[in-house]
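Novice:
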Amino acid sequence: MNFISKPALAVVMAAALVAPAMSAQSVENQYFPYPVVPDNLTTLTERSNFFLENFWNRCNFKTAFSSMKKMEKSFNDFTTFMPYADAATVHTSIEKLIKSVEKNPKQLLAIAEMAEGALYSDTASVVCDECYLPFAQAVASNKKISKAEKARFEYQARALAGSQVGMEAPDFTYITPDGATGKLSDIAAGAYVLLFINDPDCDECELARVRLAADPNLNDFINKNLIKVVSIYPNEPNDEWRGKTDTYNKQWLVGACANIDELYDMRRPPVIYYLNGKHEILSKTFNIDNLLEAFRVVNNKMAAKAANNN
68 MNFISKPALA VVMAAALVAP AMSAQSVENQ YFPYPVVPDN LTTLTERSNF
118 FLENFWNRCN FKTAFSSMKK MEKSFNDFTT FMPYADAATV HTSIEKLIKS
168 VEKNPKQLLA IAEMAEGALY SDTASVVCDE CYLPFAQAVA SNKKISKAEK
218 ARFEYQARAL AGSQVGMEAP DFTYITPDGA TGKLSDIAAG AYVLLFINDP
268 DCDECELARV RLAADPNLND FINKNLIKVV SIYPNEPNDE WRGKTDTYNK
318 QWLVGACANI DELYDMRRPP VIYYLNGKHE ILSKTFNIDN LLEAFRVVNN
368 KMAAKAANNN
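Spelled out as structure tokens, the structure:
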């Protein structure tokens, strides 16, 4: 599963909550009794699996939502263990939770909003689109929830469902600054693709663009035809955008696509999708530092291998 987490916080929480013996204070802070992990389960994965599988067993859903604040804290505790459990266990535990509340639209909507904050939002401590998607889909498909209340969940479900890690990246048509058209599928199979969705009016996007354009490792990969960079403006092409593209890296493919937000999740621009030679999504990131560090590590390994072969 693809997690973007805050390791320090998550490790502290996991260690505290799956410890063989919990302090009286931590037990008192629980909204309902959390599962006690058996001592014979020794690894973090085993203990996290047990915790997730049994987390909601002693929650009385009929009364639990009387305190949204306490319920939200419990939900956040629940998500803390997801990065350490097996993917199958995570999915099963999510399905079990949704099934427990799906007959009550108010409870389902409340749980989905908690999931949005814990797994999807800008402030989420554990970002996992794969984990959040079932919650958004459950709300989007619930006929008892009003169109207004489910609108953003429908959009999120649609964007996430088509752009998950492991899927083939959705094809799209873009318009170049000189008015020509192109498609993602026009890029021949073989080279990896860095799909950089950015708006020049966004300060973080501009900073990311400058850093990507100047990165020696990425430029080395481009020169060796190992990576193609596709910079997409998520709007209709206009003169202001065209003028700014004059300063873009000349080796990049640059275009505008007004409806790309319907195909790709873009909640925190800039968004960067990394595709393999078959245009399958390998990763999605909002963190330019991690991406550039990955390029540095890979390029150094390639250089070392080449030196050893000589």
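Everything in the sequence shown is counted per the working numbering, starting at 68 for the first residue and increasing by one. All C-beta atoms, glycine included, are put in the ideal place defined by N, C-alpha and C.
For Asn121, I'd like the list of residues in its chain whose CB is within less than 7 Å of its CB, leaving aside the five on either flank, ordered along the chain.
Specialist: If you number the sequence shown from 1, residue 121 lands on position 54. Excluding positions up to five away in sequence, the list reads Pro102.
Novice: Would Met181 be called buried (16 or more neighbouring beta carbons within 10 Å of its own) or exposed?
Specialist: Taking the sequence shown and counting its residues from 1, the one referred to as residue 181 is at position 114. It counts as buried.
Novice: Do Pro105 and Glu162 come within 8 Å of each other at the CB atom, strictly closer than that value?
Specialist: In the sequence shown, residue 162 corresponds to position 95, counting from 1. In the sequence shown, residue 105 corresponds to position 38, counting from 1. It is not a contact, given that the beta carbons lie outside the stated cut-off.
Novice: Please report the straight-line C-alpha distance between Leu108 and Asn116, rounded to a whole angstrom.
Specialist: Taking the first residue of the sequence shown as position 1, residue 108 is located at position 41. Taking the first residue of the sequence shown as position 1, residue 116 is located at position 49. Looking at the two C-alpha atoms, the distance is approximately 10 Å.
Novice: Does DSSP put Leu293 in a helix, a strand or coil?
Specialist: For this step, residue 293 is matched to residue 226 along the sequence shown. Note: Leu293 maps to coil in three-state DSSP.
Novice: Take every Cβ of the segment 323-341, pair it with every Cβ of the segment 235-248, and state whether three or more of those distances are shorter than 8 Å.
Specialist: The segment 323-341 is in contact with the segment 235-248.
Novice: Which residues in the same chain as Asp287 place their Cβ atom closer than 8 Å to its Cβ, once the five residues preceding and following it in sequence are excluded?
Specialist: For this step, residue 287 is matched to residue 220 along the sequence shown. Cβ within range, chain order: Asn366.
Novice: Comparing alpha-carbon positions, which option in Asn124, Phe132, Thr110 and Ser141 lies nearest Tyr98?
Specialist: Sequence index remark: in the sequence shown, residue 98 carries index 31 (1-based). Comparing Cα positions, the closest option is Ser141.
Novice: Would Asn302 pass as a contact of Ala323 if the rule is Cβ separation under 8 Å?
Specialist: Taking the sequence shown and counting its residues from 1, one reaches residue 302 at position 235. Taking the sequence shown and counting its residues from 1, one reaches residue 323 at position 256. Contact flag set, yes.
Novice: If we require 4 or more residues per run, which alpha helix (DSSP H) segments fall completely within the segment 158-226?
Specialist: Within the segment 158-226, the complete alpha helix (DSSP H) runs of at least 4 residues are 172-182 and 196-207.
Novice: Thr240 lies in the alpha helix (DSSP H); which residues open and close that run?
Specialist: Taking the sequence shown and counting its residues from 1, one reaches residue 240 at position 173. Where Thr240 is concerned, there is no enclosing alpha helix (DSSP H), although the beta strand (DSSP E) it sits in stretches over Thr240 to Ile242.
Novice: Could you check the C-alpha separation between Leu358 and Ala215 for me, to the nearest Å?
Specialist: Position 291 of the sequence shown, counted from the start, is the residue given in the question as residue 358. Position 148 of the sequence shown, counted from the start, is the residue given in the question as residue 215. Going by the C-alpha atoms only, they are around 37 Å apart.
Novice: Answer with buried or exposed for Val277, where buried requires no fewer than 16 other C-beta atoms within 10 angstroms of its C-beta.
Specialist: Taking the sequence shown and counting its residues from 1, one reaches residue 277 at position 210. Classification of Val277: exposed, given that the 10 Å Cβ count is below 16.
Novice: Indicate the three-state DSSP secondary structure (helix, strand or coil) for Ser252 in the structure shown.
Specialist: Numbered from 1 along the sequence shown, position 185 holds the residue referred to as residue 252. Helix, per DSSP.
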